[in-house]
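Numbering (the working numbering), first residue to last: 933 to 1167.
The structure is reproduced here in structure tokens:
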């Protein structure tokens, strides 16, 4: 294995912080789309480790059968197609990708799944705060539509953290102008939804990937969410 391969493996699997100055199917309008370059040739041997079990978590994460996921959606370093400066999260809802931009024209790219809420907000904001193994409190509107969720309502304190919690292992909470957008980047136990538009959630990631992203960003990290052209024009 070359030194370059070792460096790439370490970077993809690593969790070093990035020091920078950064739930109902739905029908949506045409969306902004980032031009995705041809897929780079990658060393697939790294993915067994990348998506293997994480026994050091509060709730140990099981291995992900990554072979059943389109390789486009594996975590990988790619040329930055976003036009954003280093240290910015960009959510490309049209292509189901999330990018974290780096120096030298590079970006870490993750595959994401999108629910109805994942298409409801677009614009620029910041990661106001982030949580490990968060509680899930479905909004009252969702509980009204799905009464079976009442035990997890805000008034009942939400769902305890754990492997079945819809927010998964980590959540990042997006604010704009100091107001909560109710838009989240979060983990999900439903790895098979990555690269798809599903019934619920905002921006969902493989738990192993959301842990990696969580460790790379800090509170205050800028984020751009690309939505419909009409919404995006507003910012």
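By construction, the Cβ of each residue, glycine as well, lies at the ideal position given by its N, Cα and C atoms.
Go through its chain and collect everything with a Cβ distance to residue i's Cβ below 6 Å, but skip five positions before and after it.
i, result
"residue 1044", "1028, 1030, 1135, 1137"
"residue 1129", "1046"
"residue 1127", "1002, 1005, 1028, 1043"
"residue 1125", "1045"
"residue 1060", "1105, 1107"
"residue 1112", "none"
Tell me whether the beta-carbon of residue i lies closer than 8 Å to the beta-carbon of residue j.
i, j, result
"residue 1010", "residue 1039", "yes"
"residue 1003", "residue 994", "no"
"residue 1123", "residue 996", "yes"
"residue 1005", "residue 1095", "no"
"residue 1103", "residue 1139", "no"
"residue 1055", "residue 1000", "no"
"residue 1007", "residue 1034", "no"
"residue 1025", "residue 1159", "yes"
Quick one: residues in its chain with C-beta nearer than 7 Å to the C-beta of residue i, no 5 flanking neighbours on either side, listed in chain order?
i, result
"residue 1068", "1084, 1090, 1091, 1097, 1098, 1099"
"residue 1086", "1069, 1072"
"residue 998", "979, 983, 1006"
"residue 1081", "1070, 1074, 1075"
Assign residue i to buried or exposed, taking buried as 16 or more other Cβ atoms, counted over all protein chains shown, within 10 Å of its Cβ.
i, result
"residue 1012", "buried"
"residue 1036", "exposed"
"residue 1015", "exposed"
"residue 1032", "buried"
"residue 1075", "buried"
"residue 1117", "buried"
"residue 1121", "buried"
"residue 1079", "exposed"
Kindly give me the distance between the Cβ atoms of residue i and residue j, rounded to whole angstroms, as I take these residues to be in contact under 8 Å.
i, j, result
"residue 1115", "residue 1053", "5 Å"
"residue 1149", "residue 1021", "7 Å"
Cβ of residue i less than 8 Å from any chain C Cβ?
i, result
"residue 1018", "Structure shown: chain C not included; a single protein chain is present."
Exercise. May I ask you to verify whether the region 1054-1065 touches the region 1143-1155, counting CB pairs closer than 8 Å and requiring at least 3?
Key: yes
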